[in-house]
Amino acid sequence: MPKSPGGALLQGFTIERDSSVPIYRQLDASLRRLILDGSLAPGQKLPSTRELAQELGISRITVKNVYEQIIAEGYAQAQTGAGTFVADGLDTEAFPQIHTPRRKDKPSVIEISGRARTIAASKSVARYGETAPFRPGVPALDQFPVKLWNKYMAEAMARDARRSLSYGQVNGNAALRKAIARHLADARGMKVDSERVIITSGAQQAFVLIAFVLLNQGDTVWYENPGHIAGRDVMQIMGANVAAVPVDGEGLDLDHAIRRHQRAALIFTTPSHQQPLGTTMSLGRRLALLSYAQENNTWIIEDDYDSEFRYRGRPLPALSALDSAQRVFYVGTFSKSMFAAMRLGYVVVPPEFAGTFATARNLLGQNSSAVAEEAMARFMEDGRFTEHIRKMRRLYRTRRDVLFESLARECSEFLELQRTDAGMHMVAWLKGGMDDQTAHEALLEAGIDSLPISVYCIEPIGRTALVLGFSGVDERIIPRLVKRLAEALKGLRSAR
Ligand SMILES: Cc1ncc(COP(=O)(O)O)c(C=O)c1O
Numbered sequence: 088m089p090k091s092p093g094g095a096l097l098q099g100f101t102i103e104r105d106s107s108v109p110i111y112r113q114l115d116a117s118l119r120r121l122i123l124d125g126s127l128a129p130g131q132k133l134p135s136t137r138e139l140a141q142e143l144g145i146s147r148i149t150v151k152n153v154y155e156q157i158i159a160e161g162y163a164q165a166q167t168g169a170g171t172f173v174a175d176g177l178d179t180e181a182f183p184q185i186h187t188p189r190r191k192d193k194p195s196v197i198e199i200s201g202r203a204r205t206i207a208a209s210k211s212v213a214r215y216g217e218t219a220p221f222r223p224g225v226p227a228l229d230q231f232p233v234k235l236w237n238k239y240m241a242e243a244m245a246r247d248a249r250r251s252l253s254y255g256q257v258n259g260n261a262a263l264r265k266a267i268a269r270h271l272a273d274a275r276g277m278k279v280d281s282e283r284v285i286i287t288s289g290a291q292q293a294f295v296l297i298a299f300v301l302l303n304q305g306d307t308v309w310y311e312n313p314g315h316i317a318g319r320d321v322m323q324i325m326g327a328n329v330a331a332v333p334v335d336g337e338g339l340d341l342d343h344a345i346r347r348h349q350r351a352a353l354i355f356t357t358p359s360h361q362q363p364l365g366t367t368m369s370l371g372r373r374l375a376l377l378s379y380a381q382e383n384n385t386w387i388i389e390d391d392y393d394s395e396f397r398y399r400g401r402p403l404p405a406l407s408a409l410d411s412a413q414r415v416f417y418v419g420t421f422s423k424s425m426f427a428a429m430r431l432g433y434v435v436v437p438p439e440f441a442g443t444f445a446t447a448r449n450l451l452g453q454n455s456s457a458v459a460e461e462a463m464a465r466f467m468e469d470g471r472f473t474e475h476i477r478k479m480r481r482l483y484r485t486r487r488d489v490l491f492e493s494l495a496r497e498c499s500e501f502l503e504l505q506r507t508d509a510g511m512h513m514v515a516w517l518k519g520g521m522d523d524q525t526a527h528e529a530l531l532e533a534g535i536d537s538l539p540i541s542v543y544c545i546e547p548i549g550r551t552a553l554v555l556g557f558s559g560v561d562e563r564i565i566p567r568l569v570k571r572l573a574e575a576l577k578g579l580r581s582a583r
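My numbering applies: residue 88 is where the sequence shown begins, and numbers increase by one.
What follows is the structure, encoded as structure tokens:
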């Protein structure tokens, strides 16, 4: 039986506690490096999760998660009862020699261009890979009707192979565009000609298209602060000057932006449910925003990412529904209402942009699958989408209530909770100036996810908070997890 690595090799696992890179990522990178550079040979046994966790002083769950990830990717193999082994037959010779950069070495990519530097600094990749409970924005994936969806996918494949197995339509499946237009009329009060709907591979592709088509180098984009991370970063990458606009009780603070910033070429906003604060933009603010846009030749992105989930009262119609001057690009996604891996979303564009967006979508890599588009069209036509949303809304309301009550019971010393009547997450303000990045990492060590509000910020907002997702966590285990969360925060406070 091959032996697991001894003390010398364990030193190859480098964990820096003061790094901004989460511990699980550091461990993951160390393991891959040791495997690829041959320090861990094919067939060699890895330390047990307990041993490695003890050696490094980190949680065993973190080690377990990382092992599962490298096993899933084929770097290692698990043998029941025997342990975890470096995969046999890995041709590490085929990999370029990997050297470990010394701390002072700058990764060369950031010297290439300003764009490479902005990309390297982005935190938007946080949504990839494994997540632990309370990661914001994760739907109840275990409740998704997989069998039913498979039936729709199989039918979409079989319907008309020459059509469905091809690239599809330049602006996306016509039946899906019509179903979306109907859904927007019913649910969001919008009157939309389906020719204005462009199918994308999610909201993110819609933001990329909008920035690519509309922005010139140096244009100013007013952006909610705090605000959606990946949307902000893509505006920066496209060369925009992204200006932070605070959010008050009525939504994006327009007067502040007018006073402080240059004219906006584009404004990014989440009026239904501000990301992450949860504010609903007031009617007065909506009208003022539209009138600013009309008078200043400004475009608006309305990101309506989770408006399906409202737990009290009727939602205000979309900003877009009031947009008689057609200045708004309305963005929707199925990542929250269905599941992210389907990679489907849409953007409703002013009529004169429909052709340009369809072409740009294809030039930049179409991404969405014509098969998934067809399946989604039929899923919506048969009322399955509305049915699924209705179920999830009931479930998420319960999960929200359980999380709120558990946090109120266990964590009132540390957290000031903000009630939310919509969406999939809540904001818990940290008391006593506790650093949110540190708190986030301490929770991760305890197997609990969150996002620090600081990652949503272009400029500090003067308070710290954790953003906690409730939609993806079984309500029966929430109280237990919250106890663990409280313990982690207690431990952090006594260590301070
Ligand atoms: C504010 C906001 N908009 C949009 C999205 C969805 O992005 P996509 O549709 O690309 O998955 C997210 C996902 O986290 C989000 O938080």
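Note that the Cβ used here is the ideal one computed from N, Cα and C, for glycine as well.
If residue i and residue j are in contact, beta carbons under 8 Å, what's the gap, nearest whole angstrom?
i	j	result
VAL308	VAL435	Not a contact, Cβ separation roughly 19 Å.
SER253	ALA457	6 Å
VAL418	ALA213	No, VAL418 and ALA213 are not in contact; Cβ-Cβ is about 20 Å, not under 8 Å.
TYR392	ALA529	Wrong, their Cβ atoms sit about 28 Å apart, outside the cutoff.
LEU97	PRO134	7 Å
SER369	GLY338	6 Å
THR356	ILE388	7 Å
GLY510	PHE396	6 Å
MET479	ALA459	Not quite, the Cβ-Cβ distance comes to about 19 Å (not below 8 Å), so this is no contact.
Rounded to whole angstroms, what is the Cα-Cα separation between residue i and residue j?
i	j	result
ALA163	ASN449	38 Å
PRO313	ALA128	46 Å
LYS265	GLY216	33 Å
GLN184	MET463	Reliability of the predicted coordinates at GLN184 is poor, the pLDDT of 49 falling under 50, and no value is obtained from them.
GLU468	ALA408	23 Å
SER200	ALA298	19 Å
ASP320	VAL415	20 Å
ASN258	GLU282	8 Å
THR101	ALA405	49 Å
ILE534	ARG506	Checking the sequence, you will find Gly at residue 534 rather than Ile. About 24 Å.
ASN454	ALA268	21 Å
SER411	ALA552	38 Å
ASP561	ASP390	27 Å
MET240	ILE148	35 Å
ARG222	LEU538	7 Å
ASP508	VAL279	27 Å
GLY371	ASP335	13 Å
Let me check understanding here. Comparing Cα to Cα, which of the options lies closest to residue i?
i	options	result
HIS512	ASP488, CYS498, ILE286, VAL153	ASP488
HIS343	GLU311, THR525, LEU118, SER558	GLU311
LEU302	ALA317, ASN328, ILE316, GLU282	ASN328
ARG571	CYS498, ALA552, PRO539, GLY559	CYS498
VAL295	SER281, GLU282, HIS315, MET325	MET325
TRP516	LEU555, ILE545, PRO358, SER107	LEU555
PRO220	GLU532, SER581, ARG269	GLU532
ALA375	GLY365, THR366, ILE345, MET240	ILE345
GLN413	VAL108, PRO438, GLN349	PRO438
ILE545	PHE466, PHE172, GLN323	GLN323
HIS270	ASP335, MET240, TYR433, ASP340	TYR433
ILE286	VAL300, LEU263, GLN304	LEU263
HIS475	PHE421, THR218, TYR154, ILE206	PHE421
ARG550	ARG563, ASP536, ALA575, ASP523	ASP523
PRO226	LEU235, LYS132, SER424	SER424
LYS132	ASP124, LEU123, PHE172, GLY255	PHE172
GLY470	LEU235, ASP340, GLY452, SER541	LEU235
Tell me, which residues are paired with residue i by DSSP?
i	result
ASN312	PRO333
GLY170	GLN166
LYS132	PHE172
ASP390	VAL418
ILE514	Note that residue 514 is Val in the sequence shown here, rather than Ile. According to DSSP, VAL514 bridges with VAL554.
GLY318	Answer is none; GLY318 lacks a bridge partner.
LEU502	LEU517
ARG397	ALA509
By Cβ distance below 6 Å, which residues in the same chain neighbour residue i in space, the five residues on each side in sequence not counted?
i	result
LEU139	VAL150
PHE557	ARG486, ARG487, LEU490
PHE231	PHE426
MET88	For MET88, the predicted structure reports a pLDDT of 43, less than 50, and the residue's modelled location is therefore unreliable. A value from the coordinates is still provided. Excluding positions up to five away in sequence, the list is empty.
GLN362	HIS315
PHE472	PHE466
Once the 5 residues before and after residue i are set aside, which same chain residues still bring their CB inside 7 Å of it?
i	result
LEU494	LEU502, LEU504, ALA515, VAL569
GLU103	GLN113
LEU143	PHE100, ILE102
ARG373	PRO358, LEU406, LEU409
Given residue i, which residues of its chain have a CB within under 8 Å of its CB, disregarding the five upstream and five downstream residues?
i	result
ARG484	TYR398
THR385	ARG350, ALA351, ALA352, LEU353, ILE354, TYR379, ARG414
LEU573	Checking the sequence shown, residue 573 turns out to be Ala, not Leu. Result list for ALA573: GLU497, CYS498, PHE501, in chain order.
VAL300	PHE440, THR443, PHE444, ALA447
VAL153	TYR111, LEU114, ASP115, LEU118
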